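Protein chains in written order, with our numbering: chain A, 1 to 301; chain B, 302 to 548; chain C, 549 to 795; chain D, 796 to 1048; chain E, 1049 to 1301.
For every residue, glycine included, the Cβ atom is placed at its ideal position computed from N, Cα and C.
Remember, predicted model here, so these are calculated numbers, not experimental data.
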Amino acid sequence: NEKPTIRLGAMAAGTLNWELAAMRNQGLLENAGFNVENIAVANQQAGKVALQAGSVDVIVSDWIWTSSMRSTGTNLSFYPFSDTSGVLLVPADSPIKSLADLKGKKLGIAGGELDKNWLLLQALGQQQQVDLNAGVEKIYGAPPLLSQQLLEKRVDALLTFWQFAAHLEAQGYRALLTGEDIIRQLGISETVPSIGYVFKQDWADQHKTAFKQFLGLSKQAHDTLCSSDTEWQKIVPLTDAASPKEQQKLRERYCQGRVEQWGATQQSAAAKIYAMLHQLSNNKLTGQSAQIQAGTFWSAD
Amino acid sequence: MNDITISIQDKTYRSGHLDDRQHQAIADLQLGVGRNEFVCLLGPSGCGKTTLLNMIAGLDSHYQGHIRIGSQAATAKIGYVFQNPRLLPWYTVRQNIEVVFAQTPPAALIDALLADMQLSDVQQVYPERLSLGMQRRVAIIRAFAINPDILLMDEPFVSLDAPSARQVRNLLYSLWQQRPHTVLFVSHDLREAIALADRLIFLSPPPMRIISDIPVNIPRELRNDEAQIEAFREHLLSQHPAINGLL
Amino acid sequence: MNDITISIQDKTYRSGHLDDRQHQAIADLQLGVGRNEFVCLLGPSGCGKTTLLNMIAGLDSHYQGHIRIGSQAATAKIGYVFQNPRLLPWYTVRQNIEVVFAQTPPAALIDALLADMQLSDVQQVYPERLSLGMQRRVAIIRAFAINPDILLMDEPFVSLDAPSARQVRNLLYSLWQQRPHTVLFVSHDLREAIALADRLIFLSPPPMRIISDIPVNIPRELRNDEAQIEAFREHLLSQHPAINGLL
Amino acid sequence: MLTGIFKFNHTTITLLSLLVLLGIWQLAASVANSLTLPYPAHVAQVFWQATQSGELPYHLGVTLLRLLVSFSIAMVLGCAIGVMLGKNKTLDAFFDNWLVIFLNIPALVTIILCYVWFGLAESAAILAVVINKLPNVIVTIREGTRALDKDLLEMAESYRFERKKTFVHVIWPQLHPFVMAATRSGLALIWKIILVVELLGRSNGMGYQLHLFFQLFDVASLLAYTFAFVAVIQLIEWLLLRPLDRKALRWRR
Amino acid sequence: MLTGIFKFNHTTITLLSLLVLLGIWQLAASVANSLTLPYPAHVAQVFWQATQSGELPYHLGVTLLRLLVSFSIAMVLGCAIGVMLGKNKTLDAFFDNWLVIFLNIPALVTIILCYVWFGLAESAAILAVVINKLPNVIVTIREGTRALDKDLLEMAESYRFERKKTFVHVIWPQLHPFVMAATRSGLALIWKIILVVELLGRSNGMGYQLHLFFQLFDVASLLAYTFAFVAVIQLIEWLLLRPLDRKALRWRR
Ligand SMILES: Nc1ncnc2c1ncn2[C@@H]1O[C@H](COP(=O)(O)OP(=O)(O)OP(=O)(O)O)[C@@H](O)[C@H]1O
Ligand SMILES: Nc1ncnc2c1ncn2[C@@H]1O[C@H](COP(=O)(O)OP(=O)(O)OP(=O)(O)O)[C@@H](O)[C@H]1O
Ligand SMILES: [Mg+2]
Ligand SMILES: [Mg+2]
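If you want it as structure tokens, here you go:
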């Protein structure tokens, strides 16, 4: 019988694209029980459109969106892909050392007002009696523009996605806090994945064997990229890194983001975060539902 | 047998959009024009002559009453020389004439007409580069060339110098004799009207009515004689006091 | 003392963009018009009369030669009655007249002129809703109203019925007598020209030259007498064989 | 009488057309039966909530203000330059290439450059919109200027109208259809650009907001906000453009 | 002679204007001295590399093909509908609101809906572009139709021109300036929309590519690709639109 085809909506510079290349390089796909079709998408939104339009089967996105789509009746499901999360950056010589120092400063926020890390950062601020929402001058914008603004000193600090952060860190910018730090300081000790594969649940259930095999191979590719320098070198051109330092930084963050554990504890931590975000975003990010939707996390069993 | 039967109870212009000015241009006009008759309309400026021609040409149907055109009805070919030339500025003189033909334009006829009107030299020129009198002549050729069943002419000979006007009048007349057709003709020039028409229709200021309907009984062969025309004119003025104020 | 001194060596139209047709409209024309003289230009259609008026009005400066206007030069007020009315369609009759004034328009004068031309009723009407003859009258009022130093008129009385034309001629004449100014006047109607002008200038077909320059020596008070006009006309035709072909 | 019927008809027809559109939408929604095409009622409800919360009015207001400012600047400048280029062949030959270039630089590029050079500020946003809209206005008005009636211009010249007078009384009324075309399609274009401008570097406005909804794939809110904007434009059309049209075209027979 | 000078001047002026623009750019780049405004030479070099690698020609070709198809469809449909609405007051009253609505639905919304309903297919992309461009063409052509010369239409009617003949010989030449305006600003608009369309649902084309450069903040490549497109449009302008203009306006004095 025919091998099923998994259509992936991967961004050209995204880590999924790295892993696919690594899988090909290592010949993992040749004997697999499925075919992979890679459909390039330009950005996150394009991926979401493609999934909705039924033109791809799997994209990379987050579980909050998955849950909110489920709550409106679209049966999407999520499986973790990476723990790597956003970073709050300041220039190396910046006087900003803590959240309190952000007061009155210009803060660039790449994800916009509903950015998960920004919401959690505000919660952390509340814990420390700092009203970030009112106390800092927020500047929302497209990530590349905001990087530029930081370089030109038009903003004092920047909360941005990890790949953009890696470029800046390689140029000497200092990470004040990462997404994981924020969660930990908020009292949640488990590491919760930030992004993952998102797909229609029906599709995953129908193609369970193939998809599970794909997930395994993906993890394997991830591991070899971190363990084997030769394998890493092969995919370097895909990273668009300008300098070896930057490559280094990207690889470091990428490997730190390996999903180590994914079980009931992590899922209940996610539920806690969800509840927090629900309240923080005033329902906007999560939709009406106060609880994470059952079935949001796809179980491979 | 009438070729054109006109019976209009009321033609009132209503001004557009905002203002509500009304203007009754024609009230109760009855007029029959025989087949191949050559009729001249005379009346004060603004009395409604153009309005009437437009209605006959089928350009304006917002009136009460009816206009019947012969037996051929809608198929009658109408040649209309408008009061202004109305040439298509993006076509040359020749194209402007050729464009009104549904079938292949008759090259020989057009050549002849252009030569008669002294426009052969400018047939490849665009209208905006012609003098107004030349444009008018093109418009006249356009109307003649289609061999119309009904020829409507709204002051066609103004802007023409005396010799040209004479020549065009002769041309019109000879075309009409070669191939008779019904002609309705607006003029302010009584001499011209007498020289050409079978009938003179004098019209009143608006609302337009017919004041007098006078047959011209000078034999066709004497129409070139200025004295005859003058005599008829004198006779007219003395016999019809009603039209005296119009002349 | 001349008010307008015209000395043109060459006026050639070059057709635009693509085709290279050239047309020499005027070749070597010398003409002086005295202050407050009333001059009539007569010539065949297409000979270049409009071209000449445009050049005098300063609308066309692509020619070789020069045109000098009196002592006032550029400040001379020019009233121009174009061959077509050229009213602004988005303004009413009255607005069309008022718009040409740099200062406050003289309401009383405009009222009087409108009344004289029988247009008082339609002063709030837009030009497209007027007959062509009415539009022409508006254009004439516009030129009269500014009390021009030089009045250029390109066949102003066509499309007017005989009584209206007579009335406008009388009006023009009385305005000219009240406040003398230079008038250049194009006409195809020799009788009209004789009745009005101090001088008749007969022009040749293009390239335009002056064929004859004939003073009209009928006293002003006899100009209303048709017989006098006819007599002059007969005399003209017999005395000047050169212009015979033009009439 | 005729006009009477016409006026009556006009309102009826307008209502009818809106009803038909709504009907089509309702039908399509029930056929699609997917969240990507929500029912009209659902959108109306979202609209109502967003209005009550004050959120929609706020963002709409911000965007409209930007629209107003940049539209005015673009129209005034565009008309002036367009008329100039239409009348002066040499200037036109000189600036024609610039025009083609600026017309076709992607909004993205101008927006980025404006933001990069002038910071993520309000003035940069407005400048970006103006740069994007201006060439369009110029091109349209230039086309209109080229089509001006020579006869009327000569009339103005012979009666010694000064420049300003000629413009007001002779040129402007003839440009009216072109200005209207530039206005109608211009409002739409600016709106399209403003969305990108706000998306890339503003922290409020419809573009910013629509982007959020897009991230969440919240089509109902997308449509609710869209229709709020469309309603405003429709109002502008009814209260401003339509009467202006009527007034300006009163003279046509 | 005059035309001779003019022709000579025209080419010189064109070259001069491009040189001046280049000069300004060079100056600005040396003043800014930042990667956000690269030197012309640098952009040229990037352009050359991208051309040699075949990448630029490929994406440009793909985009141009989409542009050609959607532009043709939008223009033909738009002219037809525009003339219809301009001539028929009842139809106009009915569709006017639709027009305002479709004119102002953000490109984003139509694009999403097209993709979601018809899949990420080429046809959906083109449909999305057409939907965005069509109302613009309609509005412009409708304005042109309203301004048609009644005298000439009456002439055509009295000489019994059929519909098609009237359209070809009387209406179309009068619409020319409006069609030109719609074409010039339309190419630019479609280009703007196509960028979004490709960004959201295509894996190739200039829009996809420009977004990648934006992510990397590679302004030189952004500009290189932009100028490749502008050059194509400039070619269209010189080889197609300009001669068309000249031919169509030959008759003007
Ligand atoms: N479209 C219109 N709207 C309103 N009134 C009009 C319209 N067209 C003509 N009129 C009026 O109808 C009357 C008759 O006009 P028409 O053009 O038929 O006159 P005419 O006899 O041809 O005059 P002329 O000899 O000056 O050409 C005029 O008083 C004019 O004001
Ligand atoms: N813009 C132009 N381009 C080229 N040729 C022109 C232009 N305007 C006029 N002509 C030519 O110049 C000649 C004179 O034209 P003009 O309009 O001056 O004649 P006119 O004496 O006023 O004639 P009419 O009595 O018919 O009005 C004509 O042969 C015409 O073809
Ligand atoms: Mg008339
Ligand atoms: Mg003339």
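Residue i classed as buried or exposed, judged by whether at least 16 other C-beta atoms fall within 10 angstroms
i: Glu-740/C; result: buried
i: Leu-1270/E; result: buried
i: Leu-908/D; result: buried
i: Val-1068/E; result: exposed
i: Ser-228/A; result: exposed
i: Ala-300/A; result: exposed
i: Asp-304/B; result: buried
i: Gln-149/A; result: buried
i: Pro-542/B; result: exposed
i: Asn-792/C; result: exposed
Cross-chain neighbours of residue i in chain E, by beta carbon under 7 Å
i: Asp-240/A; result: Leu-1264
i: Ile-379/B; result: Ser-1206
Whether residue i touches residue j by CB criterion (8 Å)
i: Ala-210/A; j: Ile-59/A; result: no
i: Leu-984/D; j: Leu-1237/E; result: yes
i: Gln-424/B; j: Arg-395/B; result: yes
i: Val-87/A; j: Thr-224/A; result: no
i: Arg-1138/E; j: Met-1254/E; result: Per the sequence presented here, residue 1138/E reads as Thr, with Arg not at that position. Not a contact, by the Cβ cut-off of 8 Å.
i: Thr-351/B; j: Asp-455/B; result: yes
i: Gly-1334/E; j: Arg-1190/E; result: Only positions 1049 to 1301 of chain E appear in this structure, which leaves residue 1334/E out of reach.
i: Gln-1265/E; j: Ser-147/A; result: It should be pointed out that residue 1265/E corresponds to Phe in this sequence rather than to Gln. Yes, the pair counts as a contact, with Cβ atoms nearer than the cut-off.
i: Ala-242/A; j: Leu-250/A; result: no
i: Ile-398/B; j: Leu-485/B; result: no
i: Gly-380/B; j: Leu-452/B; result: yes
i: Asn-340/B; j: Ile-502/B; result: Note that residue 340/B is Val in the sequence shown here, rather than Asn. Their beta carbons are under 8 Å apart, which means Val-340/B touches Ile-502/B by this criterion.
i: Thr-905/D; j: Pro-1154/E; result: no
i: Trp-1046/D; j: Trp-724/C; result: no
i: Glu-246/A; j: Ala-170/A; result: yes
Contacts of residue i in chain A (Cβ-Cβ under 7 Å)
i: Ile-1071/D; result: The question about residue 1071/D has no answer here: the residues shown for chain D are numbered 796 through 1048.
Contact list for residue i against chain A, beta-carbon separation under 8 Å
i: Val-1164/E; result: Val-49, Gln-52, Ala-53
Proximal chain B residues relative to residue i, where beta-carbon distance stays under 9 Å
i: Gln-570/C; result: Neighbours of Gln-570/C on chain B: none; closest Cβ ~11 Å, over 9 Å.
Beta-carbon neighbours of residue i, restricted to chain C and to distances below 8 Å
i: Thr-313/B; result: What Thr-313/B touches in chain C: nothing, since even the nearest Cβ is about 12 Å away.
Proximal residues of chain E, C-beta to C-beta of residue i below 9 Å
i: Ile-39/A; result: Leu-1168, Ser-1251
Residues that residue i contacts on chain D, provided the C-beta gap is smaller than 9 Å
i: Gly-73/A; result: Ser-829, Leu-830
Residue i: contacting residues in chain B (beta-carbon distance under 7 Å)
i: Leu-1112/E; result: Within chain B, no residue comes near Leu-1112/E; the closest Cβ sits about 31 Å away, beyond 7 Å.
For the region 1202 to 1231 of chain E, enumerate the residues whose C-beta is nearer than 7 Å to any C-beta of chain B, in chain order.
Those residues of the region 1202 to 1231 of chain E that come within reach of chain B (Cβ to Cβ, closer than 7 Å) are Glu-1202, Met-1203, Glu-1205, Ser-1206, Tyr-1207, His-1217, Val-1218, Pro-1221.
Would you list, in chain order, the members of the region 1080 to 1097 of chain E that have their beta-carbon closer than 9 Å to a beta-carbon of chain A?
The residues in question are Ser-1082, Thr-1084.
Which complete beta strand (DSSP E) runs does the region 196 to 224 of chain A hold, if anything under 3 residues is left out?
Given a length threshold of 3 residues, the region 196 to 224 of chain A has no whole run of the beta strand (DSSP E) inside it.
Threshold first: 4 residues or longer. Then list the alpha helix (DSSP H) segments lying entirely within the region 710 to 773 of chain C, N to C.
Assignment of alpha helix (DSSP H) within the region 710 to 773 of chain C, counting only whole runs of 4 or more residues, yields 710 to 726, 738 to 744 in chain order.
Return the residues of the region 701 to 713 of chain C that lie within a Cβ-Cβ distance of less than 7 Å from chain B, sorted by chain order.
Here the close residues are Glu-703, Val-706, Ser-707, Leu-708, Asp-709, Ala-710, Pro-711, Ser-712.
Members of the region 1139 to 1157 of chain E that neighbour chain D once the beta carbon cut-off is set at 8 Å:
Residues passing the 8 Å Cβ filter: Ala-1141, Phe-1142, Phe-1143, Asp-1144, Asn-1145, Trp-1146, Val-1148, Ile-1149, Leu-1151, Asn-1152, Ile-1153, Pro-1154, Ala-1155, Leu-1156, Val-1157.
Could you pull out every unbroken beta strand (DSSP E) segment of at least 3 residues lying fully inside the region 596 to 625 of chain C, listed in chain order?
Fully enclosed beta strand (DSSP E) runs of 3 or longer: 612 to 617.
Quick check on the DSSP output: what are the complete alpha helix (DSSP H) runs of length 4 or more inside the region 1156 to 1221 of chain E, in order along the chain?
Runs found: 1170 to 1194, 1198 to 1206, 1211 to 1214.
Enumerated in chain order, which unbroken segments of the beta strand (DSSP E) with a length of 3 residues or greater are wholly contained in the region 970 to 1023 of chain D?
Listed in chain order, there is nothing to give.
Hey, which unbroken runs of the alpha helix (DSSP H) at 4 residues or more fall wholly within the region 372 to 438 of chain B?
Here the runs fully enclosed are 394 to 399, 408 to 417.
At a CB distance below 9 Å, what residues from the region 342 to 353 of chain B approach chain C? Give them in sequence order.
Residues passing the 9 Å Cβ filter: Leu-343, Gly-344, Pro-345, Ser-346, Gly-347, Cys-348, Gly-349, Lys-350, Thr-351, Thr-352.
For the region 140 to 174 of chain A, which residues have a CB atom closer than 7 Å to at least one CB atom of chain D, in sequence order?
For the region 140 to 174 of chain A, which is checked against every Cβ of chain D, the residues closer than 7 Å are Tyr-140, Gly-141, Ala-142, Leu-145, Gln-148, Gln-149, Arg-154.
Taking Cβ-Cβ distances below 9 Å as the criterion, which residues of the region 94 to 115 of chain A are in contact with chain D?
When CB distances to chain D are screened at a threshold of 9 Å, the residues of the region 94 to 115 of chain A falling below it are Gly-108, Ile-109, Gly-111, Gly-112, Glu-113, Leu-114, in chain order.
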